[in-house]
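Numbering (the UniProt record's numbering), first residue to last: 1 to 345.
Ideal Cβ positions, reconstructed from N, Cα and C, are used throughout, including at glycine.
Note sheet for the following structure.
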Amino acid sequence: MAANGYYSNLMREGTNPFEFEDFSGPYAEQQSQTVEVATLTPSASSARPNHKRSKNFNEKEDEILVSAWLNVSLDPVTGANQTHKSYWTRIYDYFHENLPFPSDRTQNSLMHRWSTIQDSVNKFTGCLSKIAGRRQSGATMQDKIEDAKALYKSEDGQNRSFQFMDCWKQLRGQAKWMAKLDELAGKSSNKKQKKTSNSSMPTPSLTTADGHEDAAAEDNTLSRPKGHKKAKATLYQSGKKGCTEALENLWAKKKEFDTEKELKKDERFKQAFALEQERVANEKLNLELKKKELELKAQEVELKNKKEEERIMTMDLSELPDDQKHYYMCCRSKIMSRHLSTEKS
């Protein structure tokens with residue numbers, strides 16, 4: 001179908017999902033714009049041929065695939081720093097990591113399924129925009145959604161119903177998704193729209209049959225996700241803050257360690273000083289003991305000498321031979337001379 005083509009495939013306009021980050025514009029003004037819808041054709045180098053027909057995707061797989069696209073496409077840190085191959089590799093990894101059951105879906109299969117989802121959701125969004133433009137009085141949002149489903153089926157070449165309502169609910173509130181639609185609509189109508197940094201985009205809110213709005217759609221303004229530079233700046237500031245806190249903690253620990261080290265140093269010095277004093281006292285005591293020991297030995301020697309002198313001086317020499325008598329007489333003379341000299345001094 002050729003109508004509502006400005007909601008065409010978001011991936012067809014280039015391999016980088018962030019190339020339309022700064023586009024925004026009022027969604028309501030694009031309701032009547034139509035351009036040709038194109039289907040994503042994966043590059044030959046990004047997919048492998050698969051001749052086996054795999055089973056149909058279920059609702060859970062579609063939900064995880066849309067979540068994968070949102071997480072990878074709206075990641076402000078990676079930004080434009082990724083190729084087409086790495087971009088789809090990340091989607092493939094996210095899909096299989098978060099799927100609650102095993103799956104053999106290939107990257108090529110995910111790319112084709114995403115293309116189908118985009119085409120259907122884009123066409124349904126165009127139909128809903130047409131219905132909303134009719135301004136029917138008394139019609140609730142749920143009534144408009146049902147009318148949009150009917151319009152979708154009537155405009156489909158094979159009379160097929162819209163099968164991706166859950167996917168549409170996931171995507172309809174995303175600013176980058178809506179901004180891309182506005183960008184494509186602006187190209188088709190050749191109208192230059194003024195870009196403003198604080199522009200917001202209204203989105204229809206779901207209303208139940210009893211007239212109460214869905215809580216998930218109460219906020220009728222879309223907040224744009226962080227840009228690449230802003231996200232990196234935020235990471236830089238948080239990293240800088242974390243680094244500063246880490247340095248402050250290290251400095252505080254260093255001061256605490258230095259204080260403890262100084263206290264231990266003083267304690268070791270006091271212990272060493274006490275040990276030195278004890279050593280000096282012990283050495284002094286040993287010297288005194290040795291002195292006393294020498295004095296005792298000297299006294300013993302003197303006492304021994306006195307006894308020997310006394311023995312010589314009192315010895316009976318009358319019965320000794322002449323030579324011995326002469327020896328002891330000489331000894332007596334020396335003893336007498338020593339005592340006389342001592343008395344004179």
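> Where does L74 fall in DSSP's three states?
Replying inline: coil
Proximity winner among S120, S341 and S137, relative to F164 (alpha-carbon distances):
S120
- Closest to W88 by CA distance: which of Q299, V72, S103 and E97 is it? V72
May I have the straight-line CA-CA distance separating V280 from K253, to the nearest angstrom? 40 Å
Query raised in the report: Quick one: Cα of M329 to Cα of M313, how far?
Result: 9 Å
For Y152, count neighbouring C-beta atoms within 10 Å of its own C-beta (all shown protein chains included) and say buried if the count is 16 or more, exposed if not.
-> buried
Whose C-beta lies closer than 6 Å to the C-beta of L99 among residues of the same chain, with five residues either side of it excluded? I64
| message | For residue 351 and R338, what's the separation of their Cα atoms in angstroms? | response | This structure cannot settle anything about residue 351, because the visible part of the chain is limited to 1 through 345.
Grab the span of the alpha helix (DSSP H) containing T342 for me, first residue to last. D322 to K344
Looking at C-beta atoms only, is the number of pairs between the stretch 94-113 and the stretch 124-142 that lie closer than 8 Å three or more? no
With a threshold of 7 Å on Cβ separation, who are the neighbours of R332 within its own chain once the five nearest residues in sequence on each side are excluded?
I312 and M313
Check: Are the Cβ atoms of C167 and A148 separated by less than 8 Å?
Finding: no
### Residue-level contact to chain B via CB, L287, 8 Å cutoff
Going by chain labels, chain B is absent from the structure shown, which holds only one protein chain.
Practice problem: Please report how far the alpha carbon of L287 lies from the alpha carbon of L294, in whole angstroms. | Solution: 10 Å
Open item on the list: Suppose you measure from the CA of N249 to the CA of A175; what does that come to, to the nearest Å?
Closed with: 41 Å
Q) Among L320, E309, K344 and D322, which has the Cα closest to the Cα of L334? A) Sequence inspection shows Lys at residue 334; the Leu mentioned does not correspond to that position. The option with the nearest alpha carbon to K334 is E309.
Checking 8 Å against the spacing of the C-beta atoms, do Q82 and Y92 come in under that value? no
| said: Using CA atoms only, rank isn't needed, just tell me which of I131, K123 and G173 is closest to G157. | reply: K123
(request) Identify whether M315 lies in helix, strand or coil by the three-state DSSP scheme. (result) coil
Would you mind sorting S318 into buried or exposed? The rule is 16 or more other CB atoms within 10 Å of its CB. exposed
Item to check | Per-residue burial, R160 [other beta carbons within 10 Å of its own, 16 or more giving buried] | outcome: exposed
Q.
Please classify V301 as buried or exposed, where buried requires at least 16 other C-beta atoms within 10 Å of its C-beta.
A. exposed
- Item | Alpha-carbon spacing of N56 relative to E245, whole angstroms | 53 Å
- Segment limits, alpha helix (DSSP H) that includes N122: Q107 to G133
N159 by DSSP, collapsed to three states: which one?
-> coil
query = Starting from R90 and walking both ways along the alpha helix (DSSP H), at which residues does that stretch end?
reply = H84 to N98
**K264 versus D75 - alpha carbon distance** = 53 Å
With a threshold of 16 other CB atoms inside 10 Å of the CB of L275, please say whether the residue is buried or exposed.
exposed
If distances are taken between C-alpha atoms only, which option among R105, Q136, E146 and G138 comes closest to T125?
E146
Quiz prompt | First and last residue of the uninterrupted alpha helix (DSSP H) at K169 | solution = M165 to L171
- Query: In its own chain, which residues sit with a C-beta less than 7 Å from the C-beta of L110, not counting the 5 before and 5 after it?
  - Reply: L65, I91, Y92 and F95
Just tell me which of S86, H84 and P102 has its CA closest to the CA of E61. P102
Assuming contact is defined by CB atoms lying nearer than 8 Å, are W114 and W69 in contact in what I supplied?
yes
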